[in-house]
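Under my numbering, the first residue of the sequence shown is numbered 535, with each subsequent residue one higher.
Step one of this worksheet: look at the structure below.
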Amino acid sequence: MTSTERRPTHTALAGLAAHPDQDLGIALQDLVLASADVDEFLGALANLAAAALTTAYNDVSCGVTVVTRKKGITTASSDERVRALDELQIDFGDGPCLTALRHNSVILVLDTRHECRWGDYMEAVWRNGIGSILAVPLDLAGEAEAVVSLYSTTPHGFSGPDITAAEEFAGSAAKSLRVALTISQLRNARDDLTAAMQSRSTIDTAVGIVMAQSRCGRDTAFKVLTRASNSRNVKLRDIAANVIASVSGETDPEAYFDE
Numbered sequence: 535m536t537s538t539e540r541r542p543t544h545t546a547l548a549g550l551a552a553h554p555d556q557d558l559g560i561a562l563q564d565l566v567l568a569s570a571d572v573d574e575f576l577g578a579l580a581n582l583a584a585a586a587l588t589t590a591y592n593d594v595s596c597g598v599t600v601v602t603r604k605k606g607i608t609t610a611s612s613d614e615r616v617r618a619l620d621e622l623q624i625d626f627g628d629g630p631c632l633t634a635l636r637h638n639s640v641i642l643v644l645d646t647r648h649e650c651r652w653g654d655y656m657e658a659v660w661r662n663g664i665g666s667i668l669a670v671p672l673d674l675a676g677e678a679e680a681v682v683s684l685y686s687t688t689p690h691g692f693s694g695p696d697i698t699a700a701e702e703f704a705g706s707a708a709k710s711l712r713v714a715l716t717i718s719q720l721r722n723a724r725d726d727l728t729a730a731m732q733s734r735s736t737i738d739t740a741v742g743i744v745m746a747q748s749r750c751g752r753d754t755a756f757k758v759l760t761r762a763s764n765s766r767n768v769k770l771r772d773i774a775a776n777v778i779a780s781v782s783g784e785t786d787p788e789a790y791f792d793e
C-alpha cells in the first residue's frame, strides 16, 4: 500500500475540505477534547491536515507553527522530514512559513528549485526532496500567531483548488486552535494558583514552627525565613519545606532560622 493509499483524498474526505463546518469541525473538536495539552493537539492537527489535504495526485506533509507570548515558537509536524525543515527555517530566521506569519498572507512556492527567495533555505528544502510549499496563516484573533505549512515532493504540487482547500482547512483549524489555547491558559492559571496556594500553606506552616521555637511574632518569623532564603539563595518555599521536614524528622535538622 502506498502512502497516497494510506491517506484519504479530497473526494474520500467529502466533508473535510468540501464542508469544513460539518465533518472537519467535528474532527477538530474531537482533537481538542482528546488532546492532553496544546503540543499534543498541534501534533494531531498536523497529521489531520496532511491527511485531509493529500490528493490522488499530491502526497502532502504538514507542519504547524504557533507563536505565543508565553511559550514563544512551538512547532509540530506530520513527519520527521518536515520537523527538521521547520526547525531549520527557524534557525535561518526566514522562510515561507515565517513570512506567512509576519505578513499574515498565503505564501506559495511553486518550485523550490527556482525559488529566488530564502536562497539557502530553499537549497536545503530541495536537497530534502521537497518540490513545492504552501504556507497558510491561521487567524487567532490576536491571541497568538500560527501557520500551517504544506510540503509536496512535487514541483507545482499545489493548484488553485488545493489552495482553496488549504484556506478552508485553516479557517476551521484556527477556531479549534483558539479553543485549545484558551483551555491551556486556563489550565496553566489553575496550576499556578494551586502551586501558589501550596507554597503559601508551606510557608505559613514554617512560620508557625519558627514562632514556636523562637518565641517570636509572625512578622519576625517571616523575616527570619526570608533572611535565610536570601542568604542561601534558595527559594522561600524550599526553605520552609526544609524547616517542616526537620521538625517532622524526615531530614536532619538544620538551623535555617538562626538569629
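We put the CB at the ideal spot given by N, CA and C, even for glycine.
Note that this is a predicted model, so its numbers are computed, not measured.
**OP:** Measuring alpha carbon to alpha carbon, tell me which of 741, 665, 763 ends up nearest residue 753.
**Re:** 741
Original post:
For residue 583, which beta-bridge partners are listed by DSSP?
Top reply: According to DSSP, residue 583 bridges with nothing at all.
Subject >> First and last residue of the uninterrupted beta strand (DSSP E) at residue 641 >> reply: 641-643
Subject >> Buried/exposed call for residue 625, threshold 16 Cβ in 10 Å >> reply: exposed
Original post:
According to DSSP, is residue 494 helix, strand or coil?
Top reply: Lying before the first or after the last residue shown, residue 494 is absent from the chain, which here runs from 535 to 793.
Subject >> Beta-carbon contacts of residue 610 that lie in its chain and below 6 Å, excluding the five residues immediately before and after >> reply: 576, 577, 580, 598
Subject >> Sequence-distant residues of its chain with Cβ nearer than 7 Å to residue 567 (five each side left out) >> reply: none
Original post:
Residues in its own chain within less than 8 Å of residue 760 by CB, not counting five upstream and five downstream?
Top reply: 770
Original post:
Could you give the distance in angstroms between the alpha-carbon of residue 696 and the alpha-carbon of residue 775?
Top reply: 59 Å
Original post:
Of the residues 739, 756, 751, which one's Cα is nearest the Cα of residue 780?
Top reply: 739
**OP:** Work out the CA separation of residue 662 and residue 675 for me, nearest whole Å.
**Re:** 34 Å
Original post:
Apart from the five residues on each side of it in sequence, which residues of its chain come closer than 7 Å, Cβ to Cβ, to residue 643?
Top reply: 630, 649, 666, 667
**OP:** Mind reading off the beta-carbon distance from residue 706 to residue 562? Whole number of angstroms is fine, and I expect it under 8 Å.
**Re:** 6 Å
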